[in-house]
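Accompanying notes for the structure given below.
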Amino acid sequence: MNPVLLRSSLRHAICLSSPPLRGIVDTPLVSPPLASCWRSHRDGWNAGPELRWGTTSTSSLKGLRKFKVFCSSVDSRPVGEQRDEAPVSSSQSGKEEQIEGEGYGFLGLGIMGVAMAKNLLKLGVPLTVWNRSSDKCAPLVELGATAAKTPAEVVSKSKITFAMLADPAVALTVAVGPGGVVDAITPGKSYVDMSTVDAETSVTISKAITSKGGRFLEGPVSGSKKPAEDGQLVILAAGDESLYHDVAAPFDVMGKKAFYLGEIGNGAKMKLVVNMVMGSMMTAFSEGLSLAEKAGLKQTDVLDVLELGAIANPMFKLKGPSVIKGSFPPAFPLKHQQKDMRLALALGDEVAQPMPVAAAANEVFKKARNLGLGDNDFSAVYKAIAESS
Ligand SMILES: NC(=O)C1=CN([C@@H]2O[C@H](COP(=O)(O)OP(=O)(O)OC[C@H]3O[C@@H](n4cnc5c(N)ncnc54)[C@H](OP(=O)(O)O)[C@@H]3O)[C@@H](O)[C@H]2O)C=CC1
Ligand SMILES: O=CC(=O)O
């Protein structure tokens, strides 16, 4: 078994139980306990008495050590205290009562959402999905998910619902509009919005969710289509800390690293800072490639030189060859990058931070949108630069 998936499954078994499972048992860390633990998880939530997991201090099993840390954070008592308790049975943990609405939900199956939802399915938990254009639910339904007609229906069937939506206006509508998330939020239900939005939007959604007794976490991500498919996103979470711990397993299958950044809005702000830098870099990179060509240099040579120097980076390496070919299939749509520049500049206004470089880059992204390039990859900003007279 893939150790990452095993770790995720173990975490998941704990975090969907309510109250959180306790009673960590030290076992010699050999494969039989692990196999038995995995079997218990695979065979369903009522595996209670079978559910045992071990931890060890040997240095070879880093994943399990990480898992042990997680256990202690689900139950805030020190690990030593937990160890003295017997494992709880399924009836003690209350799992039988969770059959209704025990699974996960996912709203928004665009480029990112479809990949993230597919990774959630790897946890083996019921998944209910919704997308405005319902045909995009089909690939998930084929893999075992259930399609719902409204966001509220997803929330009513799920314990924790995730969302990956286009922009602040859409995130707000889906959360608080008619048939939206808030309509079905009750105490015990949680919402994790992973869309890139501004802090104000996130705060508004958070208030609406918590006013109905639910928990809210924002979790925008850094990383594009391929990292989303590979479960390698960087998750920038903020808000309800208990929920942050409870979504450790989903975050584990969707991402390679999750940060907890404190109060609501901090995740959104961090994402905007990062994407402001990325948009400015892509614009400068495009200017460099275009300048090189017009000055009689080979663009492929520019890529080779950049790759060997101090400003080598994965984005230039990944996007450079396709930019040179004039190919811009959308991984990160240009319209979303321009939205992020706009939101980052608004944040700059709020805190009186001058951002002349980002402001100039935003003008180029706006021009690219006006050229009809919004649905292309954001690297198509090159065309707005190269084709300027
Ligand atoms: N692509 C990337 O590399 C990354 C994107 N992001 C962020 O993730 C979010 C999603 O991005 P991505 O998947 O690329 O975008 P897409 O444009 O592929 O998907 C957008 C999603 O929002 C939905 N949507 C759009 N308008 C509405 C509406 N009016 N009502 C309801 N739903 C709507 C779409 O539904 P429908 O299918 O019906 O149009 C779709 O599910 C954005 O906030 C983006 O900035 C973050 C990191 C990386
Ligand atoms: O938001 C886009 C990304 O690549 O990160």
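For the sequence shown, counting from 1, position 94 maps to 94 in full-length UniProt numbering; every step adds exactly one. Here a beta-carbon is modelled for each residue, glycine too, at the ideal position from N, C-alpha and C. This structure is a prediction, so every number in the text was calculated from the model and none was measured.
Own chain, CB closer than 6 Å to I111, minus 5 neighbours either side, in chain order: Around I111: K225.
Option nearest R228 by Cα separation, candidates V129, D340, D252: The sequence shown places Ala at residue 228, not Arg. That would be D252, whose Cα lies nearest to the Cα of A228.
When you compare only the Cα positions, how much space is there between T173 and I185? Note on geometry: alpha-carbon atoms of T173 and I185 lie some 15 Å from one another.
Taking 7 Å as the cut-off, is the beta-carbon of R132 closer than that to any non-hydrogen atom of ligand 1? Checking every heavy atom of ligand 1 against the Cβ of R132, one is found closer than 7 Å.
Let's test the definition: count the other Cβ atoms within 10 Å of the Cβ of S280 and tell me whether it reaches 16, buried, or not, exposed. S280 is buried by the Cβ-count criterion.
Would you mind reading off the limits of the beta strand (DSSP E) that contains F106? Per DSSP, F106 belongs to the beta strand (DSSP E) from 103 to 107.
For F332, which residues of its own chain have a beta-carbon under 7 Å away from its beta-carbon, when the five flanking residues on both sides are left out? Setting aside the 5 residues that flank it on each side, F332 is surrounded in the same chain by S224, D377, F378, each with a C-beta closer than 7 Å to its C-beta; the list follows chain order.
Can P139 and L107 be called in contact, C-beta distance under 8 Å? No, the pair does not count as a contact, with Cβ atoms beyond the cut-off.
Taking the continuous beta strand (DSSP E) assigned at E218, which residues delimit it? From DSSP, the beta strand (DSSP E) with E218 extends over 215 to 218.
What does the Cβ neighbour count give for Q353, buried or exposed, with the cut at 16 atoms within 10 Å? Exposed, because fewer than 16 other Cβ atoms sit within 10 Å of the Cβ of Q353.
Beta-carbon contacts of E81 that lie in its chain and below 7 Å, excluding the five residues immediately before and after: In this prediction, E81 scores a pLDDT of 26, lower than 50, which makes its location untrustworthy; the coordinate-derived value is nonetheless stated afterwards. Nothing meets the Cβ criterion.
Could you check what DSSP says for I160 in three-state terms: helix, strand or coil? In this structure, I160 counts as strand in the three-state DSSP scheme.
T146 in three-state terms, based on DSSP: Strand.
Just the Cα atoms here: how many angstroms apart are V305 and L236? Each residue's alpha carbon lies about 33 Å from the other.
Best match in R132, E142, S134 for proximity to K118 [C-alpha to C-alpha]: Ranking R132, E142, S134 by CA distance to the CA of K118 puts E142 first.
Grouping DSSP H, G and I as helix and E and B as strand, with all else coil, what is V125? Note: V125 maps to coil in three-state DSSP.
Beta-carbon contacts of I160 that lie in its chain and below 6 Å, excluding the five residues immediately before and after: Y104, S190, listed in sequence order.
Just the Cα atoms here: how many angstroms apart are F365 and G177? Rounded to the nearest angstrom, the two C-alpha atoms are 30 Å apart.
In the structure shown, what three-state DSSP assignment does S57 receive? Residue placement at S57 cannot be trusted, given a pLDDT of 28 that sits under 50; what the coordinates show is reported in the next sentence. In the structure shown, S57 adopts coil according to DSSP, grouped into three states.
Where do the ends of the beta strand (DSSP E) carrying D252 lie? Run containing D252: none in the beta strand (DSSP E); it sits in the alpha helix (DSSP H), 248 to 254.
Have a look at the DSSP bridge pairing and note the partners of K257. Beta-bridge partners of K257 (DSSP): V234.
By Cβ distance, which residues of its chain are closer than 8 Å to G374, with the 5 residues on each side in sequence left out? Short of 8 Å from the beta carbon of G374, and not among the five residues preceding or following it, lie these beta carbons of its own chain, in chain order: P333, L334, K335, Q338, A368.
Would you say the beta carbon of K225 comes nearer than 7 Å to a heavy atom of ligand 1? It does: the Cβ of K225 is within 7 Å (strictly closer) of some heavy atom of ligand 1.
Could you check which residue in A148, S195, E293, G231 has the C-alpha nearest to that of K271? When each option's Cα is compared against that of K271, the closest is S195.
Three-state secondary structure (DSSP) at D375? Three-state DSSP puts D375 in coil, outside helix and strand.
Look at A148 and K157 and say whether their C-beta atoms are less than 8 Å apart. The answer is yes: Cβ separation under 8 Å.
Cβ pair D167, V197 closer than 8 Å: Closer than 8 Å, so yes.
What residue range is occupied by the uninterrupted alpha helix (DSSP H) comprising S290? Note, S290: alpha helix (DSSP H), 266 to 294.
Collapsed DSSP secondary structure at D193 in the structure displayed: In this structure, D193 counts as strand in the three-state DSSP scheme.
What is the rounded straight-line gap between the Cα of S290 and the Cα of I264? Spanning the two alpha carbons is a distance of roughly 41 Å.
Let's test the definition: count the other Cβ atoms within 10 Å of the Cβ of G372 and tell me whether it reaches 16, buried, or not, exposed. G372 is exposed by the Cβ-count criterion.
Would you mind giving the Cβ-Cβ distance between A361 and T283, rounded to the nearest angstrom? I have them listed as a contact below 8 Å. Sure, about 4 Å apart at Cβ, within 8 Å.
Excluding sequence positions up to five away, which residues of its chain have a Cβ less than 7 Å from the Cβ of T210? Within the same chain, T210 has close Cβ partners F216.
DSSP-derived helix/strand/coil call for P333: Here P333 sits in strand by DSSP.
Supposed contact pair A208 and A175 - C-beta distance, whole angstroms, cut 8 Å: Rounded, the Cβ-Cβ distance is 6 Å, consistent with contact.
Are the CB atoms of V154 and T128 nearer to each other than 8 Å? If you check the CB distance, V154 and T128 come in under 8 Å.
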